[in-house]
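Residue numbers (our numbering): 33 to 534.
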Ligand code: GLU
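Take a look at the structure:
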């Protein structure tokens, strides 16, 4: 049977970066096995539905290059792939499960249940309590019929049998055993006719012929219910295999990485910027922070998985061929943002200049710089080894796009002598003539010129660099001069002399 896996997010807000990792592992597994990767939108919980979240999920997958073979927005033969478009399917199966004796109608009102919870703090609807509640197991045949005919609201609940062991063979965790006494009679169909996550998820995985369920560890306890549902429907033979992924942990301290950790540790925990309805519901994304999607993919792939050995940089093709569920770890993976930055630097350094120039062009334009493609290629060449994020090309290297905003006056004061202004005037005349205006030639000729004036290059070149860039940091001075061009170089030298010659 060919592999079919799915990524099944709920559109309840921005997609957490951990969700992107889940999608990635599903994608890698599908590609490696020559199978299919599906996107199913699990939007049955109308109360938690957030407009824009579905588009955000799709855009995020596209940005990191995890393109589903089937799913909402991608077509396919097993649709519809949005659960709210499948409502009728779930109702039919829920009633079928009642017929088969593995589910029942429950008429207890939300108020009744709330009152019970008030009396008993950890009240649960289960095999021990259901015999004293209002449901099709306790009502007489005629009472039941009367209620159904009168249209009394009901929910459908899973009927968990007493004293059975539920065994799950998890591909990452090995055998996990639950006892049915710990498993409650979950609601499957709500009073409004909508299915719960559990019911819809199982029916869809079955109908969409899913072979492997690869999802976050937080779903492991639910899997006990899911196994009972497969058995109840008579689908145990084709039940998918399960693989529950380790948690993603905070960079330091204990616990799961949360959306609030982004602000706390000054890093994004979402793939793209998210702008929700309220001030608190706004979060920065990896894309807007200036990450390359390939770096994010590589970083996420190693967050809980490693094939052994010490290779860290993997192209997507290498990930596909090296990936295996057996090498996913059981324990949580720390979200190390410094590592993410390291990957980004490596990927920027390894990227083609044309590709980077294309990415920084819109960033330059937003700042109001109008620049040629050729100039951007020069900027890329000068800055590529120095930046961590894409906007650094423009922000750290701003002096390539506009005049110096601030000079390193401390260094200027140390190096400036009574002779400097005259020396600069002579050097400007020299630079006006020099041919070709090209880095190697400039370096050799200017050094020689300076020495002929009886000055050490080490006393003048720092000033030249500060005149062009304002700072002692940054690319080599003659490379900058070439990128700026002869005219702009001369203009900046003049400005520099005017500023300090007082
Ligand atoms: N809708 C669930 C979620 O939001 C899917 C869990 C699963 O993959 O079964 O994570």
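In this text, a Cβ means the ideal position worked out from N, Cα and C, and glycines have one as well.
**OP:** Could you tell me the distance, in whole angstroms, from the CA atom of residue 184 to the CA atom of residue 262?
**Re:** Stepping through the chain shown from its first residue, residue 184 is reached at position 152. Stepping through the chain shown from its first residue, residue 262 is reached at position 230. For residue 184 and residue 262, the distance between alpha carbons rounds to 29 Å.
**OP:** Look up residue 435 in the DSSP assignment and say whether it is helix, strand or coil.
**Re:** Mapped onto the chain shown, residue 435 falls at position 403. Reduced to three states, the DSSP call for residue 435 is coil.
Original post:
Which value, in whole angstroms, describes the spacing of the CA atoms of residue 381 and residue 387?
Top reply: For the purposes of this step, residue 381 is taken as residue 349 along the chain shown, with counting starting at 1. For the purposes of this step, residue 387 is taken as residue 355 along the chain shown, with counting starting at 1. Each residue's Cα considered, the two are about 11 Å apart.
Subject >> Member of 360, 332, 336 whose CA lies at the smallest distance from the CA of residue 32 >> reply: Beyond the ends of the chain as shown, which are 33 and 534, falls residue 32; an answer cannot be given.
**OP:** Could you tell me the distance, in whole angstroms, from the CA atom of residue 226 to the CA atom of residue 108?
**Re:** Within the chain shown, numbered from 1, the residue matching residue 226 stands at position 194. Within the chain shown, numbered from 1, the residue matching residue 108 stands at position 76. Between residue 226 and residue 108, the C-alpha separation is close to 24 Å.
**OP:** Answer with buried or exposed for residue 100, where buried requires no fewer than 16 other C-beta atoms within 10 angstroms of its C-beta.
**Re:** Counting from 1 along the chain shown, the entry for residue 100 is found at position 68. With 16 or more other Cβ atoms within 10 Å, it is buried.
**OP:** Indicate the three-state DSSP secondary structure (helix, strand or coil) for residue 227 in the structure shown.
**Re:** Start at 1 with the first residue of the chain shown, and residue 227 comes out as number 195. Correct three-state label for residue 227: strand.
Original post:
Between 492, 192, 434, 467, which lies nearest to residue 455 when the distance is taken from Cα to Cα?
Top reply: Your numbering for residue 455 matches position 423 in the chain shown. Taking only the C-alpha atoms, the option nearest residue 455 is 492.
Subject >> Rounded straight-line distance, which links the Cα of residue 378 to that of residue 254 >> reply: Counted from its first residue, the chain shown places residue 254 at position 222. Counted from its first residue, the chain shown places residue 378 at position 346. Their Cα atoms are separated by approximately 40 Å.
Original post:
Anyone know if the C-beta pair for residue 60 and residue 36 falls short of 8 Å?
Top reply: The count along the chain shown starts at 1 and reaches residue 60 at position 28. The count along the chain shown starts at 1 and reaches residue 36 at position 4. Cβ atoms of residue 60 and residue 36: not closer than 8 Å.
Subject >> For residue 276, three-class secondary structure by DSSP >> reply: As a position in the chain shown, residue 276 is number 244, starting the count at 1. Strand, per DSSP.
Original post:
Below 8 Å, can you find three or more Cβ-Cβ pairs linking the region 47–57 to the region 272–280?
Top reply: yes
**OP:** Specify whether the region 155–162 and the region 199–207 touch according to this definition: at least 3 beta carbon pairs, one from each stretch, less than 8 Å apart.
**Re:** no
**OP:** Look at the Cβ atom of residue 426, then the Cβ atom of residue 392, and state whether they are nearer than 8 Å.
**Re:** Taking the chain shown and counting its residues from 1, the one referred to as residue 426 is at position 394. Taking the chain shown and counting its residues from 1, the one referred to as residue 392 is at position 360. Result yes, Cβ atoms of residue 426 and residue 392 sit closer than 8 Å.
Original post:
Helix, strand or coil: which one does DSSP assign to residue 107?
Top reply: Counting from 1 along the chain shown, the entry for residue 107 is found at position 75. Residue 107: strand per DSSP, three-state reduction.
Subject >> Distance CB(residue 490)-CB(residue 438) smaller than 8 Å >> reply: The sequence position of residue 490 within the chain shown is 458, counting from 1. The sequence position of residue 438 within the chain shown is 406, counting from 1. Contact: no.
Original post:
Could you give the distance in angstroms between the alpha-carbon of residue 453 and the alpha-carbon of residue 412?
Top reply: Here residue 453 is taken as the residue at index 421 of the chain shown, counted from 1. Here residue 412 is taken as the residue at index 380 of the chain shown, counted from 1. Rounded to the nearest angstrom, the two C-alpha atoms are 33 Å apart.
Original post:
Where does residue 70 fall in DSSP's three states?
Top reply: Your numbering for residue 70 matches position 38 in the chain shown. Correct three-state label for residue 70: strand.
Subject >> 8 Å Cβ cutoff met for residue 510 and residue 463 >> reply: Translated into positions along the chain shown, residue 510 becomes position 478. Translated into positions along the chain shown, residue 463 becomes position 431. For residue 510 and residue 463, no; Cβs fall outside 8 Å.
**OP:** Kindly examine the ligand GLU and report whether one of its heavy atoms sits closer than 7 Å to the Cβ of residue 374.
**Re:** By one-based count along the chain shown, residue 374 stands at place 342. No; taking the cut-off as 7 Å, the Cβ of residue 374 has no heavy atom of the ligand GLU nearer than that.
Subject >> Spatially closest choice to residue 340 from 358, 265, 110, by CA coordinates >> reply: In the chain shown, the residue the question calls residue 340 occupies position 308. Nearest C-alpha to residue 340: 358.
Subject >> Integer-rounded CB distance, given that residue 215 should sit under 8 Å from residue 198 >> reply: Counted from its first residue, the chain shown places residue 198 at position 166. Counted from its first residue, the chain shown places residue 215 at position 183. Right, their Cβ atoms sit about 7 Å apart.
**OP:** Assign residue 269 to one of two classes, buried (16 or more other C-beta atoms within 10 Å of its C-beta) or exposed (fewer than that).
**Re:** The residue given as residue 269 occupies position 237 in the chain shown. So residue 269 counts as exposed.
Original post:
Going by the CB atoms, is the gap between residue 243 and residue 272 shorter than 8 Å?
Top reply: Looking up residue 272 in the chain shown gives position 240. Looking up residue 243 in the chain shown gives position 211. Result yes, Cβ atoms of residue 272 and residue 243 sit closer than 8 Å.
**OP:** Determine the direct distance from the alpha carbon of residue 337 to that of residue 522, and round the result to whole angstroms.
**Re:** The residue you call residue 522 lines up with position 490 of the chain shown. The residue you call residue 337 lines up with position 305 of the chain shown. Cα to Cα, residue 522 sits roughly 55 Å from residue 337.
Original post:
Run through DSSP, which three-state label would residue 58 get?
Top reply: Residue numbering aside, residue 58 sits at position 26 when the chain shown is read from its first letter. The answer is helix: DSSP assigns residue 58 an H, G or I state.
Original post:
I think residue 334 touches residue 344, with their Cβ atoms under 8 Å apart; what is that distance to the nearest whole Å?
Top reply: Taking the first residue of the chain shown as 1, we reach residue 334 at position 302. Taking the first residue of the chain shown as 1, we reach residue 344 at position 312. Confirmed, about 7 Å.
Original post:
Are the beta-carbon atoms of residue 40 and residue 74 separated by less than 8 Å?
Top reply: Residue mapping note: residue 40 aligns to position 8 of the chain shown, counting from 1. Residue mapping note: residue 74 aligns to position 42 of the chain shown, counting from 1. Contact: yes.
Original post:
Are three or more beta carbon pairs between the region 477–485 and the region 406–424 nearer than 8 Å?
Top reply: no
Original post:
Is DSSP giving residue 508 helix, strand or coil here?
Top reply: In the chain shown, counting from the first residue as 1, residue 508 sits at position 476. It is coil, neither helix nor strand.
**OP:** Starting from residue 359, follow the alpha helix (DSSP H) in both directions and report where the run begins and ends.
**Re:** Taking the chain shown and counting its residues from 1, the one referred to as residue 359 is at position 327. First-last for residue 359: undefined, no H or E at that position.
**OP:** Using three-state DSSP, classify residue 267 as helix, strand or coil.
**Re:** Residue mapping note: residue 267 aligns to position 235 of the chain shown, counting from 1. Looking at residue 267 - three-state DSSP - the assignment turns out to be coil, as it is neither helix nor strand.
**OP:** Compare the C-alpha of residue 302 against each of 515, 93, 528, 79 and name the closest.
**Re:** In the chain shown, counting from the first residue as 1, residue 302 sits at position 270. Of the listed residues, the one whose Cα sits closest to residue 302 is 93.
**OP:** Determine the closest residue to residue 139 out of 222, 154, 133, with distance taken between C-alpha atoms.
**Re:** Sequence index remark: in the chain shown, residue 139 carries index 107 (1-based). Residue 222 is the option with its Cα nearest to residue 139.
**OP:** Name the two residues that bound the continuous beta strand (DSSP E) containing residue 135.
**Re:** Within the chain shown, residue 135 is the residue found at index 103, counting from 1. Taken as a continuous stretch (DSSP letters only), the beta strand (DSSP E) holding residue 135 covers 135–138.
Subject >> CA-to-CA distance, residue 316 to residue 298, given in whole angstroms >> reply: Counting from 1 along the chain shown, the entry for residue 298 is found at position 266. Counting from 1 along the chain shown, the entry for residue 316 is found at position 284. Computed Cα separation, rounded: 10 Å.
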